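Student: The working numbering runs 43 ahead of the 1-based position in the sequence shown.
Don't be surprised by glycine CBs; every beta carbon is placed ideally from N, CA and C.
Owing to the predicted nature of the structure, the values given are computational and were not obtained by experimental measurement.
Have a look at this one before I ask anything.
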Amino acid sequence: MKVYTKTGDLGETSLLGGSRVSKAELQIESYGTVDELNSYIGLIRDQICKQPLLQELIEVQDRLFTIGSHLANDKTKNKIQLPEICENDVLKLEKQIDAMDNELPPMRAFILPGGHTTVSYTHIARCVCRRAERQVVLLNENWEIPLIIIKYLNRLSDYLFVLARKLSNDFDVDEIEWKPRK
């Protein structure tokens, strides 16, 4: 399989199923943002050397590829059986959030992103996840998306926020609370 096909040189790409669409379509922007998020998760994973967190992040990356396949799918032409995101995927994130959160001091204010490079990468991933979620919600207004995808992205952004807090704790860096000017 060649990396370059030259079929996108004029600003179009193919969906799963073969339909050609503009690269400026919201559908392409949505799965492109999920791909960007997946790359940031990989960057975070590269900074961490502890199990089971490494395995959790690999699993998240797998689910993001699954989501990307659904977003890149031409439902009218594609006959390929796609893997599914299921409620258990969301529940697993919730259990991981709860486990991390139980080890952290309670939040009393908004926290400024930063403190350590890996923490900052995690906050960037959280922001990209929120953007992907917004794009998928907008896409869903005209193109039916399995609602579990929106739910998963919503929960994943929560997971990434708590992970950033956990990493701050692990790296023994202070969380700086936002103190609005008066």
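Once DSSP output is grouped into helix, strand and coil, what is the label at S62?
Tutor: Looking at S62 - three-state DSSP - the assignment turns out to be coil, as it is neither helix nor strand.
Student: Where in the stretch 81-162 do unbroken runs of the alpha helix (DSSP H), each at least 4 residues long, occur, reported from the N-terminal end onward?
Tutor: Taking only runs of at least 4 residues, the alpha helix (DSSP H) segments lying wholly in the stretch 81-162 are 96-114, 130-144.
Student: If you measure between the beta carbons of L182 and S73, is that distance less than 9 angstroms?
Tutor: Contact: yes.
Student: What would DSSP say about D176, mapped onto helix, strand or coil?
Tutor: Sequence check: residue 176 is Glu here, not Asp. Here E176 sits in helix by DSSP.
Student: Assuming N197 is part of the alpha helix (DSSP H), what are its boundary residues?
Tutor: Run containing N197: 190-213, per the alpha helix (DSSP H) assignment.
Student: Just to check my reading of the structure: I154 and I219 have Cβ atoms closer than 8 angstroms, yes? What is that Cβ distance to the nearest angstrom?
Tutor: Confirmed, about 7 angstroms.
Student: Classify T165 as helix, strand or coil using the three-state DSSP reduction.
Tutor: Reduced to three states, the DSSP call for T165 is helix.
Student: Residues bridged to E220 by DSSP?
Tutor: DSSP output for E220 lists I154 as bridge partner(s).
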